[in-house]
Structures are given as structure tokens and as C-alpha cells.
Amino acid sequence: MNQSYINKIFPELRKIKDPTLRQTVISAWLRAIEKGRWKRIDDIPFTLLIETKRSLIEHTRAVTDSAMAVARLRDDVDMDIIIAGGLLHDVGKLLEYMRSDKGFVKSPAGKLVRHPIAGYGIAVEVGVPLEVAHIIAAHSVEGEKVIRSREAIIIHHCDFIDFEIARLAQY
Ligand SMILES: [Fe+2]
Numbered sequence: 041m042n043q044s045y046i047n048k049i050f051p052e053l054r055k056i057k058d059p060t061l062r063q064t065v066i067s068a069w070l071r072a073i074e075k076g077r078w079k080r081i082d083d084i085p086f087t088l089l090i091e092t093k094r095s096l097i098e099h100t101r102a103v104t105d106s107a108m109a110v111a112r113l114r115d116d117v118d119m120d121i122i123i124a125g126g127l128l129h130d131v132g133k134l135l136e137y138m139r140s141d142k143g144f145v146k147s148p149a150g151k152l153v154r155h156p157i158a159g160y161g162i163a164v165e166v167g168v169p170l171e172v173a174h175i176i177a178a179h180s181v182e183g184e185k186v187i188r189s190r191e192a193i194i195i196h197h198c199d200f201i202d203f204e205i206a207r208l209a210q211y
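Those letters in the sequence shown? Residues 41 to 211, by this note's numbering.
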């Protein structure tokens, strides 16, 4: 998996205006793939909390696309930060999860550190700006101890819309 693979799975990347930001988003995904030693990532489920066929890539795109739709209705949010934050919010799942004989399970690292923190670490490592790293760190319950930015509020809610609707499939 290389740069062009990341561009292919996430067409939203083309909408990021700042070329440096676009590149750091790609670098973060490639670094997480490398660190998690993934041979392929297209079949990783977006969560292990519920039975779901929804993949991490589908979920990441759905959250990013819905956050972009919300952001288009406002003039007080930064669209580049929204797209980068949406595309990266769950990148830490490449460290939290691993493939095993029994399917996808939590990795040893994932038992110690959840994806918001793992993803924040990768983002900072590859030079993702703090406004975007904040979205990764704060998108889930970990974010309840900080004041979320406008962009982080949008990603947080779009993430839970997708999660709650996927959860309905269980009932
Ligand atoms: Fe998510």
C-alpha cells in the first residue's frame, strides 16, 4: 500500500486545499499501516463493539462526507480541518486492532491505549497540525475532558450518527 492507494480509497483527499495538510493525512495512514504491519486494510471493520459488515474505510468516508455536508452550511468552520479530521479520526484503529485466526481482535497495544490516543500519537509524529490532532484525540469519550473545537464537535456527532445507525442493524 502506497500513496496512490490512500488517494484511491479516500477520494475526499482531493478536496483538501492545503497540499501540505493533504500530504500529512496520507503520511499518517501510511505510518499507521506500517506500524500495525497491515498487509491489507480494506476488510477491517470500523468497530469491534458491535457485529457489523461496515468497514473502517466505509465508515471513515461516511463520517468525512457527512461532516463536510454540515460544514458547508456554516461559515465558522474550516473545511480543510474538517476533511483531514474526518479522514484521520479513526486512523488509530490500525494500532488498536489486529488480524488473528479468530478474525479481528484488540491488539496488545490496543488493550493499553485506545484509538483516539494512538491516532493522536501518529498524527503528531508525521506533522499533522494540532487542530486536526485535537479532533482525533477528542472525537470519542476521551474528548470529554477538553473543550472540543467546532470542527471536533461536528466530527464527534457525525461519527456517532454512523455508529448508532450501524448498531441498529443488530436489532
Ligand atoms: Fe469513527
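Yeah, the Cβ is synthetic: ideal placement off N, Cα and C, and Gly gets one too.
Cβ-based neighbour list, residue i, same chain, cut-off 8 Å, excluding 5 preceding and 5 following
{"i": "residue 106", "result": "198, 201, 202"}
First through last residue of the beta strand (DSSP E) which encompasses residue i
{"i": "residue 144", "result": "143-146"}
Reference residue i; option with closest CA among the options
{"i": "residue 125", "options": "211, 113, 77, 188", "result": "188"}
{"i": "residue 44", "options": "69, 58, 60", "result": "69"}
{"i": "residue 206", "options": "94, 73, 130", "result": "94"}
{"i": "residue 182", "options": "162, 123, 153", "result": "153"}
{"i": "residue 131", "options": "91, 76, 108", "result": "76"}
{"i": "residue 86", "options": "184, 162, 127, 66", "result": "127"}
{"i": "residue 120", "options": "162, 195, 160", "result": "195"}
{"i": "residue 102", "options": "204, 210, 211", "result": "204"}
DSSP state of residue i mapped onto helix, strand, coil
{"i": "residue 137", "result": "strand"}
{"i": "residue 156", "result": "helix"}
{"i": "residue 169", "result": "coil"}
{"i": "residue 44", "result": "helix"}
Host alpha helix (DSSP H) of residue i (start-end)
{"i": "residue 210", "result": "Where residue 210 is concerned, there is no enclosing alpha helix (DSSP H), given that its DSSP letter is neither H nor E."}
{"i": "residue 56", "result": "Careful: residue 56 lies outside any alpha helix (DSSP H) and carries neither H nor E."}
{"i": "residue 98", "result": "96-112"}
{"i": "residue 121", "result": "119-128"}
Contacts around residue i, its chain only, beta-carbon distance under 7 Å, and the 5 residues preceding and following it disregarded
{"i": "residue 174", "result": "189, 192"}
{"i": "residue 186", "result": "178"}
{"i": "residue 123", "result": "52, 55, 56, 104, 108"}
{"i": "residue 49", "result": "97"}
Close-in-space but distant-in-sequence residues of the same chain around residue i (CB under 6 Å, 5 per side omitted)
{"i": "residue 62", "result": "53, 56"}
{"i": "residue 167", "result": "64"}
{"i": "residue 92", "result": "85, 206"}
Cβ contact check for the stretch 110-121 and the stretch 138-146: 3 or more pairs under 8 Å: no
Stretch-stretch touch, CB-based, cutoff 8 Å, three pairs: the stretch 77-85 with the stretch 95-103: yes
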